[in-house]
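*Asks:*
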Amino acid sequence: MQTPITTLFNIEYPIIQGGMIWISGSKLAAAVSNAGGLGLLGAGSMYPEVLREHIQKTQKATDKPFGVNVPLLYPNVEEIMQIIVEEGVKIVFTSAGNPKTWTSFLKEHGIKVVHVVSSVKFALKAQEAGVDAVVAEGFEAGGHNGREESTTFALIPMVKEHIKIPLIAAGGIATGRGMLAVMVLGADAVQIGSRFVASTEASAHPNFKQAVVDTKDGETAVTLKELAPVRLLKNSFYQNLQEFYKSHPSKEQVKEFLGRARAKKGMFEGDLIEGELEIGQIAGLIDDIKPVDEIIAAIIKEYTAVKAGL
Numbered sequence: 012m013q014t015p016i017t018t019l020f021n022i023e024y025p026i027i028q029g030g031m032i033w034i035s036g037s038k039l040a041a042a043v044s045n046a047g048g049l050g051l052l053g054a055g056s057m058y059p060e061v062l063r064e065h066i067q068k069t070q071k072a073t074d075k076p077f078g079v080n081v082p083l084l085y086p087n088v089e090e091i092m093q094i095i096v097e098e099g100v101k102i103v104f105t106s107a108g109n110p111k112t113w114t115s116f117l118k119e120h121g122i123k124v125v126h127v128v129s130s131v132k133f134a135l136k137a138q139e140a141g142v143d144a145v146v147a148e149g150f151e152a153g154g155h156n157g158r159e160e161s162t163t164f165a166l167i168p169m170v171k172e173h174i175k176i177p178l179i180a181a182g183g184i185a186t187g188r189g190m191l192a193v194m195v196l197g198a199d200a201v202q203i204g205s206r207f208v209a210s211t212e213a214s215a216h217p218n219f220k221q222a223v224v225d226t227k228d229g230e231t232a233v234t235l236k237e238l239a240p241v242r243l244l245k246n247s248f249y250q251n252l253q254e255f256y257k258s259h260p261s262k263e264q265v266k267e268f269l270g271r272a273r274a275k276k277g278m279f280e281g282d283l284i285e286g287e288l289e290i291g292q293i294a295g296l297i298d299d300i301k302p303v304d305e306i307i308a309a310i311i312k313e314y315t316a317v318k319a320g321l
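All residue numbers for the sequence shown refer to this note's numbering, where the first residue is 12 and numbers rise by one.
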C-alpha cells in the first residue's frame, strides 16, 4: 500500500502509532514498526537517559524505521534533541510548541520532521517551518487537544486544501473503516493512539487497558481548558474536578488541584480513581486487548474489504 507517507518513511502501511505519554515505550514502538507501521517512542514521559535507553532497546528489537515524539514545551527538550541525534534516530514528530524552533536543527542532521497541528493556520506555519509532513489531529483525540475544537471529519479536508506536504490524520481512528474515511477526505496516512493503548505491548497499566475496553460512547470529555485542553475518561478524578470548577477557581488553584504526576498515576500505575486517564472518544469502539500485529492486520483487512465493496 503506497502513499506519500509510506514512501517518506519507507514503511509498508500508512499507519503511525501515537507517541503517547506513559504508553509508548520500546516494546510498543518496535511492535508497530515490525508489523509494517511506524512506531513512535513517547518522549514526553521520559527523562533524557530513559529515552536513550528506550531508543537503544527499540533499535535492538527492530530493523524497521521508527521515530520519537517530542512535546516541545516539555523540560529537558535540548538534552532530548541531542540524544536523538547521538543515537541516530531518523524520524521525529514534534508537538505542543513552535515547529520553527527545532525543525532546521533536526533536518541538518538528516532527520525527517513531522509536526502535530489542530488547525489550518498551524498547518501552514509548520509547512513554512520546513517540516516534511503534518499530523492534523481532530478534537476526538485522547490526551492534549487543540483549542479550536475542530473534528477530524472537518479538519482533514480543510488542511488538505491548503498544504502541499503530506498529511496524516489523527483523532477518532481505530479501524479500517476509519482509516479509509480519512484517506478519502485527503489524508495520506493515519496516526492511531487509543487502539494501541489496548494492546499487549503498550506500557499502560492493565487496569487502564481494561478501562479503555470497558468505555462506552459519551464516557470521555475535554477539560482543564485553562491549562491545556485534555480529553479524559469520566472517572472520579474527572467528576471531582467538575465539582471543583463550580467554585470558579483561579488558574493557579486548578493547577494545585491537579497536582503532579496524575497522568502517571492513572495510566502507568493503574489508579482508576484518582488518576488522569487520557483516551479518545473512539475508545467506545474498542472491545479487546490484543497484540499489535493482530491490530494492524485487522485494520488493513477491513480497510481493503470496505474499499473493495464501495
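Beta carbons are placed, not taken as given, at the ideal position from N, Cα and C, and that holds for glycine.
Note that the structure is predicted; figures quoted are calculated from it, not measured.
Where does residue 255 sit, in a helix, a strand or coil, going by DSSP?
*Replies:* Helix, per DSSP.
*Asks:* Hey, which unbroken runs of the alpha helix (DSSP H) at 4 residues or more fall wholly within the region 45-117?
*Replies:* 59-72, 88-97
*Asks:* Could you tell me if residue 69 is buried or exposed, where buried requires 16 or more neighbouring beta carbons within 10 angstroms of its beta carbon?
*Replies:* buried
*Asks:* Got a sec, what are the start and stop residues for the beta strand (DSSP E) residue 307 sits in?
*Replies:* Residue 307 -> not in any beta strand (DSSP E); alpha helix (DSSP H) instead, spanning 303-320.
*Asks:* At which residues does the alpha helix (DSSP H) containing residue 27 begin and terminate?
*Replies:* Per DSSP, residue 27 belongs to no alpha helix (DSSP H); it is in the beta strand (DSSP E), 26-28.
*Asks:* Taking Cβ positions, are residue 144 and residue 131 nearer each other than 7 Å?
*Replies:* no
*Asks:* Please report the distance separating the alpha-carbon of residue 200 from that of residue 155.
*Replies:* 21 Å
*Asks:* Flag this pair as yes or no: are the beta carbons of residue 264 and residue 151 separated by less than 7 Å?
*Replies:* The beta carbons of residue 264 and residue 151 sit no closer together than 7 Å.
*Asks:* Answer yes or no: does any C-beta atom of chain B fall closer than 7 Å to that of residue 87?
*Replies:* Protein chains in the displayed structure number just one, and chain B is not present.
*Asks:* Which stretch, first to last residue, makes up the beta strand (DSSP E) that contains residue 245?
*Replies:* Note, residue 245: premise wrong, no beta strand (DSSP E); not H, not E.
*Asks:* For residue 191, which residues in the same chain have their Cβ closer than 6 Å to its Cβ, ignoring the five residues on either side in sequence?
*Replies:* 314, 317, 318
*Asks:* What does residue 148 pair with, by DSSP beta-bridge criteria?
*Replies:* 181
*Asks:* Relative to the alpha-carbon of residue 77, which residue among 41, 95, 36, 127 has its alpha-carbon at the smallest distance?
*Replies:* 41
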